[in-house]
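Heads up, the thing below is written out as structure tokens.
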Amino acid sequence: MPTPKPKTKPLNPNHSLASMFDSRFLKPWHLLDRNATEFTDIIRHVTREQLGNPQDDKWGSILYFTNSKVPAPYLLGTKEDLETLLEVYQVHTIGQLVGLRITIWVTSWNNKDVLRIKPKRPVEPGAAPQPINQATDDIDIDELTEEYDNDHQEEDDNDHPEA
């Protein structure tokens, strides 16, 4: 009796070697192989789940996102992430995480790509862009426009001398 052929999946030759190893949680290669370095989404659900072998009794806090295109949940497990949530997002309870819009980004630690919660709140959709720096708040846009118009009017006059 012939042996049945195993199921196969094509491999993308441009993806990292790390992508060949299944992971239950989000890894840097999930983003990098998609030519992305970060994503922003809303936390849908937070849970504690057992990690590894049941006899090890290791547990982790897991963030699930609303966007179904996020390939895996995020394992929350670094001091930096905790500090970012406390200081940048002003989150102090587990309940405050649900519905929170955060950015996960690829950064480096000990010369390795790692994922972290970005220590900067994402701009809310539809919100006005933030000024690039405070010095721009002191600029009078009408005055700048008038100066620009005057400078370029002289150029236009020189380009088209009256006959």
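In the working numbering, the protein residues as written are 2 to 164. Here a beta-carbon is modelled for each residue, glycine too, at the ideal position from N, C-alpha and C.
For residue i, three-class secondary structure by DSSP
| i | result |
| --- | --- |
| Asn50 | Inspection of the sequence shows that residue 50 is occupied by Glu rather than by Asn. DSSP places Glu50 in strand when its eight states are reduced to three. |
| Asp1 | Since the first residue shown for the chain is 2 and the last is 164, residue 1 is missing from the structure and cannot be characterised. |
| Asp114 | strand |
| Thr85 | helix |
Buried/exposed call for residue i, threshold 16 Cβ in 10 Å
| i | result |
| --- | --- |
| Trp30 | buried |
| Leu167 | An answer regarding residue 167 cannot be provided, because it is not within the stretch 2 to 164 covered by the chain. |
| Arg87 | In the sequence under discussion, the amino acid at residue 87 is Leu, which differs from the Arg named in the question. Result: exposed. |
| Ile95 | exposed |
| Ile63 | buried |
| Leu12 | exposed |
| Asp58 | exposed |
| Leu76 | buried |
| Ile43 | exposed |
Residue i versus the options, residue with shortest Cα-Cα distance
| i | options | result |
| --- | --- | --- |
| Gly78 | Met2, Val47 and Leu12 | Val47 |
| Arg35 | Gly53, His16, Gln51 and Arg45 | His16 |
| Lys80 | Phe66, Asn54, Lys70 and Trp110 | Trp110 |
| Thr85 | Leu52, Asn112, Glu50 and Pro123 | Pro123 |
| Ala73 | Lys119, Ser24 and Thr41 | Ser24 |
| Ile103 | Thr67, Val115 and Lys8 | Thr67 |
| Tyr65 | Leu98, Pro7, Thr38 and His93 | Leu98 |
| Ile118 | Glu125, Pro126, Leu33 and Val89 | Val89 |
One or two residues paired with residue i in a DSSP bridge
| i | result |
| --- | --- |
| Tyr65 | His46 |
| Leu76 | Ile63 |
| Thr108 | Val115 |
| Arg102 | Ile43 |
Below-8 Å beta-carbon distance, residue i vs any chain C residue
| i | result |
| --- | --- |
| Gln51 | In the structure shown, chain C cannot be found, because there is only a single protein chain. |
Limits of the unbroken alpha helix (DSSP H) element including residue i
| i | result |
| --- | --- |
| Leu33 | Pro29 to Leu33 |
Proximity test, residue i beta-carbon vs the ligand FMN heavy atom, cut-off 7 Å
| i | result |
| --- | --- |
| Gly100 | In the structure on display, the ligand FMN does not appear, and there are no ligands present to speak of. |
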